[in-house]
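Colleague: Protein sequences, first through last, are from chains R and F.
Just so we're aligned: 72 in the numbering used here is position 72 of the first sequence, and the numbers increase by one with no gaps anywhere.
Every position in the second sequence, counted from 1, becomes a number in the numbering used here once 1000 is added.
Note that CB positions come from ideal geometry on N, CA and C, so glycine has one too.
If you're wondering where the values come from, they're calculated on a predicted model, not measured in any experiment.
Next up is a structure, given as structure tokens.
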Amino acid sequence: DAGVIQSPRHEVTEMGQEVTLRCKPISGHNSLFWYRQTMMRGLELLIYFNNNVPIDDSGMPEDRFSAKMPNASFSTLKIQPSEPRDSAVYFCASSPRQGGVVGYTFGSGTRLTVV
Amino acid sequence: SQKIEQNSEALNIQEGKTATLTCNYTNYSPAYLQWYRQDPGRGPVFLLLIRENEKEKRKERLKVTFDTTLKQSLFHITASQPADSATYLCALPRGDAGNMLTFGGGTRLMVKP
């Protein structure tokens, strides 16, 4: 398996623009997570999907952020409009089932810079 | 509120020695705890999971202990190698159980030849 695939690897955008980050989880994994990592705040959970349904989005910072999972093999995280404080590395992770007794598999991340 | 603490200062050790990293937590009664490794520019990689009823878990040169009384987990790497240099993160389930993980800030380990 190719692992969790994220695109793009790097994104530089101007403040106010829309940004869309993409994730393809491991086939057969039914749990998907979006995290954000910064030096100041570490890894923060943004949203959790199970079987394509959003279960917990309490970590989404504000209405500018939205996430979708239209099918088991694809998820997007959208920021509209983007702001400089959104600059971070965004990770997608998947796991085989609920319960947490198996580890996550993370993608390589998308480094977002908003100027 | 639930809190996870890892030493934010880097740990520098000599090759061949045992590295010991600490994860302390408050306001948790976790059903399990996980450890991950993260290299620069990469996503975290899952290493080990230990359940609340397990005192110790081993995997090759790695050993994890879990003391629910002290609210602490220790992560040991024996016979450390320069290739072990990375940041190590512990993670606990939000709300003590379930599938959503909260990560500690990580400790950077540097193994010198």
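Would you mind giving the Cβ-Cβ distance between residue 1100 (chain F) and residue 77 (chain R), rounded to the nearest angstrom? I have them listed as a contact below 8 Å.
Modeller: With 8 Å as the limit, residue 1100 (chain F) and residue 77 (chain R) do not qualify as a contact, their Cβ atoms being about 16 Å apart.
Colleague: Compute the Euclidean distance between the alpha carbons of residue 39 (chain R) and residue 33 (chain R), then round it to the nearest angstrom.
Modeller: One Cα belongs to residue 39 (chain R), the other to residue 33 (chain R), and the distance between them is close to 20 Å.
Colleague: Mind listing the chain R neighbours of residue 1100 (chain F)? Cutoff is C-beta to C-beta under 7 Å, in chain order.
Modeller: 45, 48, 56
Colleague: Measure the alpha-carbon distance for residue 1030 (chain F) versus residue 1037 (chain F) and round it to whole angstroms.
Modeller: When the Cα atoms are used, residue 1030 (chain F) and residue 1037 (chain F) turn out to be separated by approximately 20 Å.
Colleague: Mind checking who residue 93 (chain R) pairs with in its DSSP beta bridge?
Modeller: R:33, R:106
Colleague: For residue 84 (chain R), which three-state DSSP category applies?
Modeller: helix
Colleague: Consider the Cβ of residue 31 (chain R): report whether some Cβ of chain F lies at a distance smaller than 8 Å.
Modeller: yes
Colleague: Which chain F residues sit within Cβ distance under 8 Å of residue 95 (chain R)?
Modeller: 1099
Colleague: At a Cβ threshold of 8 Å, is residue 91 (chain R) touching chain F?
Modeller: Interface residue, yes.
Colleague: Per DSSP, which one or two residues make a beta bridge with residue 42 (chain R)?
Modeller: R:38
Colleague: When the Cα of residue 73 (chain R) is compared with those of R:29, R:61, R:42, which residue comes out closest?
Modeller: R:29
Colleague: In angstroms with no decimal places, state the Cα-to-Cα distance between residue 21 (chain R) and residue 50 (chain R).
Modeller: 19 Å
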